[in-house]
Amino acid sequence: MRKTKLFIKKICVLILILSTALLSACSASTSDSAEKYIVLIGEDPEITEKLSDIDLLVIDAEYFSQNDIARLRENGIREIYSYINIGSIESFRSYDTDFEKYTLGAYENWPEEKWIDVSAPEWQACTASRVDSLVQKGVDGFFVDNTDVYYNYPQESIYDGILTILDYMDHTGRKIMINGGDCFVKKYLTAEKNVLIDGVNQENVFTAYDFSNDTYTINDKSTREYYTDYLDFAMSHGCTAYTLEYATVPAIRRQAATYAAKHGYICCISDNIGLCLEK
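Each number in this note's numbering corresponds to the 1-based position in the sequence shown with 935 added.
Next up, the structure:
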């Protein structure tokens, strides 16, 4: 999914605009639902004064201060989750270069990332430190990315490493939302009693993004049905289901919102893969 990228973050600082369309599009935007869910992990603290009246906002709180988080709350942001990448290293984060020796392989479509061995105690300790920092800033939960490392490297040590990290998060009392990671989540919900995962977010259920051509389109039927079955399965195990769609065509945005509402998913629709304020 669709992670915060440094070059995107720089671009986004230049296009900080907010319109009524943002709040309507990045929500479970149906007439009978007031739930607002907005994902802006490509943004910097400059957005703090530009947002208000949001039920759940996802940001990359590494780049926000405790005061920034407090100000968002004053502006009517009811819950704030922070993006946290546990399954790969990103070259633009200062600490990740220290863990190159634990990398497992290249990350398709994201050249600045590499999959990492989540069973490495040093990586787990680094992640725990990041979790502690985010808790001190006052976030309510974690938007956990790249548990898909288990899909790419389906070893018990990887599965157990993810569980170790999630267990540490859980003991902070904050909520946990898994972004993607369907293979890990399905195994966990099948094999364990769910005491860790509060919600799951799936990107591109109704929509699709073509990295090669930088185009936004509609997903094929089989992929849509697979993700729908997955989200329904997660809901049956007590998880709240969220979808994150990417679309620029108004008709497709409406269709994606309607599809999510029909299935009981809370939906955010962004017009850009960088997850910045809408252009």
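We put the CB at the ideal spot given by N, CA and C, even for glycine.
Here the structure is a predicted model, which means the values were calculated and not measured.
Runs of alpha helix (DSSP H) with 4 or more residues, each lying fully within the segment 999-1053, are found at 1001-1009, listed in chain order. Here the C-alpha atom of Trp-1050 lies approximately 26 Å from the C-alpha atom of Val-1074.
Sequence-distant Cβ neighbours of Tyr-1103 in its own chain, meaning closer than 7 Å and more than five residues away, are Ala-1063, Val-1066. Per DSSP, reduced to three states, the secondary structure at Ala-1182 is coil, with no helix or strand assignment. Given a length threshold of 4 residues, each whole run of the alpha helix (DSSP H) inside the segment 1088-1141 is given here in chain order: 1091-1105, 1117-1126. In chain order, Tyr-1085 place their CB closer than 6 Å to the CB of Tyr-1094, counting only its own chain and leaving out the 5 sequence neighbours on each side. Judged by DSSP secondary structure, Phe-1168 falls outside any beta strand (DSSP E) and instead within the alpha helix (DSSP H) spanning 1156-1171. Close CB contacts of Tyr-1151 within its chain, under the 7 Å cut and outside five residues either way in sequence, are with Thr-1142, Tyr-1144, Tyr-1181, Ala-1182, Thr-1183 (chain order).
Under the three-state reduction of DSSP, Tyr-1200 is assigned to coil, being neither helix nor strand. Distance from the CA of Arg-1006 to the CA of Ala-1191, rounded to the nearest whole angstrom, comes to 32 Å. By the Cβ rule, the segment 998-1018 does not count as touching the segment 1031-1042, because fewer than three pairs are nearer than 8 Å.
Counting other Cβ atoms within 10 Å of its Cβ, Asp-1080 reaches 16 or more and is therefore classed as buried. In this chain, the beta strand (DSSP E) harbouring Val-993 covers 989-994.
Counting along the chain, no alpha helix (DSSP H) covers Val-1079; the unbroken beta strand (DSSP E) around it starts and ends at 1076-1080. In the DSSP secondary-structure assignment, Asp-1145 is bridged to Thr-1150. Taking a contact to require three or more Cβ pairs closer than 8 Å, the segment 1043-1057 and the segment 1102-1117 do not qualify as touching.
In the three-state scheme derived from DSSP, where H, G and I count as helix and E and B as strand, Ile-1208 is classed as coil. Per the coordinates, the alpha-carbon of Asn-1207 lies some 16 Å from the alpha-carbon of Val-1140. Relative to the Cα of Phe-1146, the nearest Cα in the group Cys-1118, Gly-1209, Ala-1126 belongs to Gly-1209.
Assigned with DSSP and collapsed to three states, Ile-976 falls in coil, not helix or strand. In the displayed model, Ala-1192 falls within a helix according to three-state DSSP. DSSP links Thr-1062 through a beta bridge to no other residue. If you compare the alpha carbons of Gly-1115, Asp-1003, Gly-1134 with that of Ala-1176, the shortest gap goes to Gly-1134.
For Gly-1173, the closest C-alpha among the options Ile-1111, Ile-1024, Ile-1204 is that of Ile-1111.
Within the model, the alpha-carbon separation for Asn-1010 versus Glu-981 is close to 14 Å. Between Val-1070 and Arg-1109, the CB-CB gap stays under 8 Å. Within the same chain, and ignoring the five residues on either side of Thr-983 in sequence, the residues whose Cβ sits closer than 7 Å to its Cβ are Asp-1003, Arg-1006, Leu-1007.
Exclusion of the five residues before and after Cys-1202 leaves Ala-963, Thr-1178, Ala-1192, Ala-1195 as the residues of its chain whose Cβ lies within less than 6 Å of its Cβ.
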